[in-house]
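A.B. asks: Before anything else, here's the structure in question.
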Amino acid sequence: MSSIEYVASVEKVTEVQLQGFFVGWPNPPAPATHLRLLGCSDYVVLAIDAVTGRVVGFITAISDGVLSAYIPLLEVLPDYQGQGIGEELVRRMLARLRDLYMVDLLCDPDLQPFYARAGMRPATGMLLRNYDRQAGRL
Ligand SMILES: CC(C)(COP(=O)(O)OP(=O)(O)OC[C@H]1O[C@@H](n2cnc3c(N)ncnc32)[C@H](O)[C@@H]1OP(=O)(O)O)[C@@H](O)C(=O)NCCC(=O)NCCS
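First residue of the sequence shown? That's 8 in this note's numbering, and the numbers climb one at a time after it.
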């Protein structure tokens, strides 16, 4: 088990700490782009390995600050999965959003039980993907 610290800000994070994310994405955002999207999100929670200083998990939310929030991204690095870090990131993010009416996210059916444990329920949704922008807006 690693010693993990959770922080709700990217203020002190550098792109050097952000290696290895977007596993399986054919055209992943670069660490600098990752840092940019974290900084532009309304809410973030990061899991940091207290020994190495490496960011090993993150979750983001964007919100209108009145009624609604959307959680676009959650990822835990493969070597750190299965230790409860993902669940803790979701728990901390939902705690920060608890005074909003609606909190939505999209996930594959196999992950619905994971989010259900955090109090969410299944829904249907729609999406659009511009794959030529997978690495981020120019
Ligand atoms: C989903 C994810 C964030 C979970 O992080 P984690 O730190 O491993 O989660 P926890 O240790 O808190 O919980 C693990 C539980 O999540 C569930 N889970 C994780 N990934 C799963 C998957 N692909 N399918 C089904 N269940 C999954 C399992 O129930 C698992 O329980 P187990 O440890 O008893 O097997 C991580 O697997 C990940 O980064 N996956 C790739 C990116 C991704 O799918 N993000 C979510 C987008 S909606």
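We put the beta carbon where it would ideally sit given N, CA and C, even for glycine.
How about Leu118: is its Cβ closer than 7 Å to a heavy atom in ligand 1?
C.D. replies: yes
A.B. asks: Judging by CA-CA distance, which residue of Ser16, Arg98, Met133 is the nearest neighbour of Asp115?
C.D. replies: Met133
A.B. asks: Decide if Ala76 is buried, meaning its Cβ has at least 16 other Cβ atoms within 10 Å, or exposed.
C.D. replies: buried
A.B. asks: Alpha carbons only, please: which of Lys19, Tyr50, Glu95 is nearest the one belonging to Gly72?
C.D. replies: Tyr50
A.B. asks: Should the stretch 10–19 be regarded as contacting the stretch 89–109, the criterion being three or more beta carbon pairs within less than 8 Å?
C.D. replies: With contact defined as three or more Cβ pairs closer than 8 Å, the stretch 10–19 and the stretch 89–109 are in contact.
A.B. asks: By the three-class DSSP mapping on this structure, what secondary structure does Val63 have?
C.D. replies: strand
A.B. asks: Please classify Gln30 as buried or exposed, where buried requires at least 16 neighbouring CB atoms within 10 angstroms.
C.D. replies: Note on identity: in this sequence residue 30 is Val, with Gln being the wrong assignment. Label assigned to Val30: exposed.
A.B. asks: Below 8 Å on the Cβ atoms is my guess for Ala123 versus Met100; work out the distance and round it to an integer in Å.
C.D. replies: Going by Cβ atoms, the distance from Ala123 to Met100 rounds to 16 Å, so no, they are not a contact pair.
A.B. asks: Given this structure, state the Cα-to-Cα distance separating Pro35 from Gln119, to the nearest angstrom.
C.D. replies: The alpha-carbon atoms of Pro35 and Gln119 are separated by roughly 24 Å.
A.B. asks: Which value, in whole angstroms, describes the spacing of the CA atoms of Arg128 and Glu18?
C.D. replies: Near 33 Å, if we compare the C-alpha coordinates of Glu18 and Arg128.
A.B. asks: Considering only residues of the same chain and omitting the five flanking positions on each side of Ser70, which have a CB-CB separation below 6 Å?
C.D. replies: Asp49, Ala76
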